[in-house]
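K.L.:
Below you will find the structure I want to go over with you.
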Amino acid sequence: MTPLGPLARPLRFLRRQLPPMNFISLHYAYFFAVSLGSAVVFWGANTPSHGTLQVSFTDSLFLCVSAMTLAGLNTVNLSELNTFQQFMLFTLIMLGSAIWVSGFVVLIRKQAFEKRFKIVVEERKRHRRGRSRSGIGLRSWSNGRKSTDVAKDAENEGDVPKASSVSDGANDSSRDLTPPARRGGPEMNGFSATGDVVDDTESEVAVERSGLTFAGDTRFARGQVPPLNAGQPVRRRGSNLFTMQGVGARPTSSLSPTSPTRAYTQSMDVASPATGKSKGDIGQYFPSVGGWIARNSQFNNLSEQEREKLGGYEYRAVSFLAWIVPAYFVLWQLLGCIGCAAWVALNRPDTARANGLNPWWVGAFNAVSAFNNSGMSLLDANMTAFQTGYYLLITMSLLILAGNTCYPIFLRVIVWCMWKALTSSKYFAGEEWDERAKTLRFLLDHPRRCYTNLFPSQHTWWLLAAVVVLNGTDWAAFEILNINNEALDSTLPTNVRVMDGLFQAFAVRSGGFYVVAIPTLRISLQVLYVVMMYISVYPVVITMRNSNVYEERSLGIYAEDQDEEGETESMRADQQNPGFLRRALTIRDQLTNNTARESNSHFVRHQLRAQLAHDAWWIVLALFLIMIIENTEFVSNPTVYSVFNFIFEIVSAYGCVGISVGVPWAAYSFCGSWRTLSKLILCAVMLRGRHRGLPVAIDKAVLLPGEEGWEAEEEDGRIRLARTMSRGRQEGV
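For the sequence shown, position 533 matches number 516 in the numbering used here, and the numbering has no gaps at all.
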């Protein structure tokens, strides 16, 4: 009999129904707990005796959820709240920021790395005491300087004990394959990327352990094709490390890798010294006997020693992010608060005082709300009071971009400028600066191994193009569709309308502010705004998931190993320079660049379909329930309570945008006139919508360092290689 008695079985059943403990579930728990706790404090802070508004608990909960999720909708006029309640919303906006949450994840991963360093040092000491040193031990996580004393200790101790999570036999069999075109690059058979010779003893030990077949190996004659293992048919394999799920995927306890399928080479030429270093060249980071870099920065076929060196680069990159992300978060908002607050205080103080507010406080609140893309404003008229304030509109537009859609772009530009300064200036000479430059280069080449909101160069350019196209479309539509719109012609001169249209274009997809009353716009433009709010997170989230190291694993589909354009050019150069040793050709060299492009577009289409299916049913269900609850108002006032207005409000809440059609008799959002149950449903919609832009649970940048991730990468490499071989045989190779 268990101590819980008859409750044991029901409790076990409930435990099985709970979501797995991963990044997604913790993110939900954080938002639920902070929103609910803040709502209690917010409601208890009512001071009706001082002439401020008495806010009900439902409205308190709604405002806290709206601020925390950055939805920006308000059921009461914020100017009527007391200062403490306004400051609570100000704080919640920052606590719910995507940059704040991602920075917190970076700090947790940094601490996890440091904890692992301590374990490495302790195990090494026990290993040394248990037996004398014999043979060649594994090196520490990295060869460069560490940013913590613990990491220095790990480096200075010497040998690293071998991890015991995977048996030696399984590890040996998992590496019994010939690497594709990028495998080993110029490091194979003792050649480093710069022509330096790698330690022969180390190479022999690694080769002996891995069972790799190299080009030029004496076990096969030149041009001979090693046979496939008949007992290991090529087939698509499932993952035994993570279930094939996306959001909320559950890691399993099994870590045994699948049996690999052997590849074969068509040429036994040895790899050539690299004339230039691309992001696919492992040798620029550490010598590797048989490793290669696959799509989305997956490092495959690395020895345990090489994995630890790779972990050292990741640790230094995460340590760098641990200070650059908070600095970005603080400085943008600090400077934005100073600029906006000073402008309002000097140019429009009467506008703030008309609402009973301090001009400095109004400007600071707007700056923080703009950077975090909340859309909340202390002024009842939102930004319509500043239609001619060009400086404020431009500053807030820049803050809107810097805090959301363009954050990955700006961050990459900052990292690139720092790397360029370190490599170009004579003032940053020395081993310490060289290590820092290598860290920045690694972060630029493989950003999604370290951070969710930093993308590779190609993905960043795609994101920039998407931002320009979408914002340009919104701006052009505002100007064109409002031609001969008397509601705007009577109040906005042409020059003012152009500036206001640009600001509204930046704000409509995520910023949440409105510089003109939404009901005064043409209905066609309002429909466009619904579409833009619906796809507000798509540019960033699709880029994030398409660049995910474990994208194939999260989707459950795998692509063949593909060549990059740079590799094709490298092959041509090798053929034109017969004096150099040529790298081995494999099946993947037969696949065309068109196939690679088709594979990439297939993944993007799959991500889009999955995201659309993930979003649509929540909006439809919420609309159905709210229309049932608000049926009486719809019958009595179908113009204000039209179906389109409900759709507009729900999509704005789900997209965490914040613009609203409002109501004619008040300055708050349209949802402020809804019944209590409808408001609670919209709270659930906002919470759900806030989480649609998160990375999937299987994402290298949100997983703690450990053997599970390493084994997952090796398994993905074997599955991808098997598909490559299968395709090659089908094409008659």
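Quick reminder that beta carbons are idealized off the backbone N, C-alpha and C, glycines included.
Grouping DSSP H, G and I as helix and E and B as strand, with all else coil, what is F282?
P.N.:
It is a strand residue.
K.L.:
For L61, is the classification buried or exposed, using 16 other Cβ atoms within 10 angstroms of its Cβ as the cut-off for buried?
P.N.:
Result: buried.
K.L.:
Reducing DSSP to helix, strand and coil, say where I630 ends up.
P.N.:
Helix.
K.L.:
According to DSSP, which residues form a beta bridge with V513?
P.N.:
The partner list for V513 (beta bridge, DSSP) is empty, contrary to what the question assumes.
K.L.:
Does DSSP classify V523 as helix, strand or coil?
P.N.:
V523 falls in the helix class under three-state DSSP.
K.L.:
Keeping to the same chain, check which residues put their C-beta closer than 7 Å to that of T35; ignore five residues upstream and five downstream.
P.N.:
The residues are E63, L64 and N65.
K.L.:
If you drop the 5 nearest sequence neighbours on each side, which residues of the same chain put their C-beta closer than 6 Å to that of L660?
P.N.:
Answer for L660: I612, listed in chain order.
K.L.:
Between L591, S352, V520 and G322, which lies nearest to R673 when the distance is taken from Cα to Cα?
P.N.:
Per the Cα distances, V520.
K.L.:
Give the single residue among L606, Y624, V618 and N620 whose Cα lies nearest to the Cα of S636.
P.N.:
Per the sequence shown, the amino acid found at residue 636 is Ala instead of Ser. Nearest C-alpha to A636: L606.
K.L.:
Going by DSSP, what residue range makes up the alpha helix (DSSP H) through M723?
P.N.:
Given a span of -16 to 716 for the chain in the structure shown, any question on residue 723 remains unanswerable.
K.L.:
Less than 8 Å between the beta carbons of S386 and F354, yes or no?
P.N.:
For the record, residue 386 in the displayed sequence is Gly; it is not Ser. In this structure, F354 lies closer than 8 Å to G386 by Cβ.
K.L.:
Smallest Cα separation from G86: which of R492, V668 and C433?
P.N.:
Checked all of R492, V668 and C433; the closest Cα to G86 is C433.
K.L.:
Can you give me the C-alpha to C-alpha distance between T622 and I91, rounded to a whole angstrom?
P.N.:
If I take the Cα positions, the gap works out to 51 Å.
K.L.:
Flag this pair as yes or no: are the beta carbons of L72 and M359 separated by less than 8 Å?
P.N.:
Yes, they are a contact pair.
K.L.:
Across the segment 394 to 409 and the segment 418 to 427, are there enough close Cβ pairs to call them in contact, namely three or more that are closer than 8 Å?
P.N.:
They touch, by the three-pair rule.
K.L.:
How many angstroms separate the CA atom of R(-8) from the CA atom of L1?
P.N.:
When rounded, the distance between both Cα atoms is 15 Å.
K.L.:
Please report how far the alpha carbon of W444 lies from the alpha carbon of P309, in whole angstroms.
P.N.:
Roughly 24 Å separates the two Cα atoms.
K.L.:
Taking A364 as the reference, which of V452, V351, N356 and A335 has the closest Cα?
P.N.:
A364 has its Cα closest to that of A335, out of V452, V351, N356 and A335.
K.L.:
Could you say if the segment 341 to 356 and the segment 465 to 472 meet the contact criterion of at least three C-beta pairs nearer than 8 Å?
P.N.:
Verdict: no, contact absent.
K.L.:
Pick out whichever of C639, G645, V640 and S619 has its Cα sitting closest to the Cα of F629.
P.N.:
Comparing Cα positions, the closest option is G645.
K.L.:
In angstroms, rounded to a whole number, what distance separates the CA positions of A448 and M51?
P.N.:
Spanning the two alpha carbons is a distance of roughly 29 Å.
K.L.:
Does the Cβ-Cβ distance between L426 and F282 come in under 8 Å?
P.N.:
In this structure, F282 does not lie closer than 8 Å to L426 by Cβ.
K.L.:
From the DSSP output, in three-state form, read off A649 for me.
P.N.:
Correct three-state label for A649: strand.
K.L.:
Would D457 and A412 qualify as a contact pair, given that the criterion is a beta-carbon distance under 8 Å?
P.N.:
Result no, Cβ atoms of D457 and A412 do not sit closer than 8 Å.
K.L.:
With a 10 Å radius around its C-beta and 16 neighbouring C-beta atoms as the bar for buried, classify E291 as buried or exposed.
P.N.:
So E291 counts as buried.
K.L.:
What first and last residue would you give for the alpha helix (DSSP H) that runs through K683?
P.N.:
Neither: K683 is in no alpha helix (DSSP H) and is coded neither H nor E.
K.L.:
Using a threshold of 8 Å, state whether the C-beta atoms of L44 and C654 are closer than that.
P.N.:
For L44 and C654, no; Cβs fall outside 8 Å.
K.L.:
Within the continuous alpha helix (DSSP H) that includes S342, where are the two ends?
P.N.:
A quick correction: the sequence has Pro, not Ser, at residue 342. P342 to F354 is the span of the alpha helix (DSSP H), which, as asked, contains P342.
K.L.:
I believe G79 touches G495 by the beta-carbon criterion, under 8 Å. Please report the beta-carbon distance rounded to the nearest angstrom.
P.N.:
So it is not a contact: roughly 13 Å between Cβ atoms.
K.L.:
What is the residue span of the alpha helix (DSSP H) that C719 lies within?
P.N.:
There is simply no residue 719 to check, as the chain begins at -16 and stops at 716 in what is shown.
K.L.:
Is the beta carbon of N349 sitting closer than 8 Å to the one on M379?
P.N.:
Their beta carbons are under 8 Å apart, which means N349 touches M379 by this criterion.
K.L.:
Please classify L329: is it buried, with 16 or more other beta-carbons within 10 angstroms of its beta-carbon, or exposed?
P.N.:
L329 should be labelled exposed.
K.L.:
If we call anything under 8 Å between Cβ atoms a contact, is K662 one with T41?
P.N.:
Taking 8 Å as the Cβ cut-off, K662 and T41 qualify as a contacting pair.
K.L.:
Identify the residues that DSSP records as bridge partners of W275: which are they?
P.N.:
For W275, which the question treats as bridged, DSSP gives the partners N283.
K.L.:
Would you tell me roughly how many angstroms separate the C-alpha atoms of I633 and M4, rounded to the nearest one?
P.N.:
Between I633 and M4, the C-alpha separation is close to 30 Å.
K.L.:
Less than 8 Å separating the beta-carbons of S717 and N284?
P.N.:
An answer regarding residue 717 cannot be provided, because it is not within the stretch -16 to 716 covered by the chain.
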